[in-house]
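First the structure, in the form of structure tokens, and then the observations on it.
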Amino acid sequence: MNGLSDLISPDRIVWLSSDTKEEVLRELVDVISRAPQIGDRDELLKAVLEREKIMSTGIGLGIAVPHAKIESVSDFVIAIGISRKGVEFDSLDNKPVHIVVMIAGPADQQDRYIRILAKVVLALKDPKVRETVLKAETPQEVLRALS
303 MNGLSDLISP
313 DRIVWLSSDT
323 KEEVLRELVD
333 VISRAPQIGD
343 RDELLKAVLE
353 REKIMSTGIG
363 LGIAVPHAKI
373 ESVSDFVIAI
383 GISRKGVEFD
393 SLDNKPVHIV
403 VMIAGPADQQ
413 DRYIRILAKV
423 VLALKDPKVR
433 ETVLKAETPQ
443 EVLRALS
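Just so we're aligned, residue 303 is where the sequence shown starts under my numbering, counting upward by one.
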């Protein structure tokens with residue numbers, strides 16, 4: 303994913319079992335919290351849910367990028383959730399979300415956060431990349447599609 307592969311590991315790429323936006327966010331917080339960079343799972347969940355109340359992170363094209371920058375995260379980490387059936391996410395285009403990329407990072411690194419977010423969105427704007435990710439059967443296939 304254009305230099306982001308060090309932020310994503312295969313164990314943080316999952317096929318979502320959740321049916322609602324809040325369940326998806328909770329499921330991905332559980333996944334991303336396995337990373338040693340995440341110091342406080344509950345703080346991360348609270349920050350992600352609060353951010354989502356301000357404005358949906360469903361950016362359209364079947365993509366959502368929930369994110370939080372908090373003190374208890376030592377470095378940036380990404381988790382990816384894939385929903386083949388789609389989840390209602392209050393997206394900008396009012397369409398279901400199929401690819402959810404959660405980004406957690408330190409509170410004091412806004413510039414790096416913006417660069418990471420831009421790289422994620424740029425990669426997933428490509429319809430071929432999105433299609434390959436959705437058809438993937440393994441985390442490694444997802445990583446290859448995004449690199």
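Beta carbons: idealized from backbone N, C-alpha and C, even for Gly.
Look up residue i in the DSSP assignment and say whether it is helix, strand or coil.
{"i": "residue 438", "result": "coil"}
{"i": "residue 397", "result": "coil"}
{"i": "residue 429", "result": "helix"}
{"i": "residue 315", "result": "strand"}
Give a yes or no on whether the C-beta atoms belonging to residue i and residue j are separated by under 8 Å.
{"i": "residue 380", "j": "residue 444", "result": "no"}
{"i": "residue 389", "j": "residue 440", "result": "no"}
{"i": "residue 447", "j": "residue 402", "result": "no"}
{"i": "residue 340", "j": "residue 314", "result": "no"}
Indicate, with yes or no, if the ligand MG has a heavy atom lying under 7 Å from the CB of residue i.
{"i": "residue 372", "result": "Among the components of this structure there are no ligands whatsoever, and the ligand MG is therefore not found."}
Given this structure, state the Cα-to-Cα distance separating residue i from residue j, to the nearest angstrom.
{"i": "residue 400", "j": "residue 424", "result": "16 Å"}
{"i": "residue 308", "j": "residue 449", "result": "11 Å"}
{"i": "residue 358", "j": "residue 306", "result": "23 Å"}
{"i": "residue 428", "j": "residue 405", "result": "20 Å"}
{"i": "residue 337", "j": "residue 394", "result": "30 Å"}
{"i": "residue 437", "j": "residue 353", "result": "30 Å"}
Which partner residues does residue i have in the DSSP bridge list?
{"i": "residue 387", "result": "Note: residue 387 sits in no beta bridge, so no partner."}
{"i": "residue 403", "result": "382"}
{"i": "residue 367", "result": "According to DSSP, residue 367 bridges with nothing at all."}
{"i": "residue 375", "result": "340"}
4 or more residues per run - each alpha helix (DSSP H) lying fully within the stretch 321-358: Listed in chain order, the complete alpha helix (DSSP H) runs (minimum 4 residues) inside the stretch 321-358 are 323-334 and 343-356.
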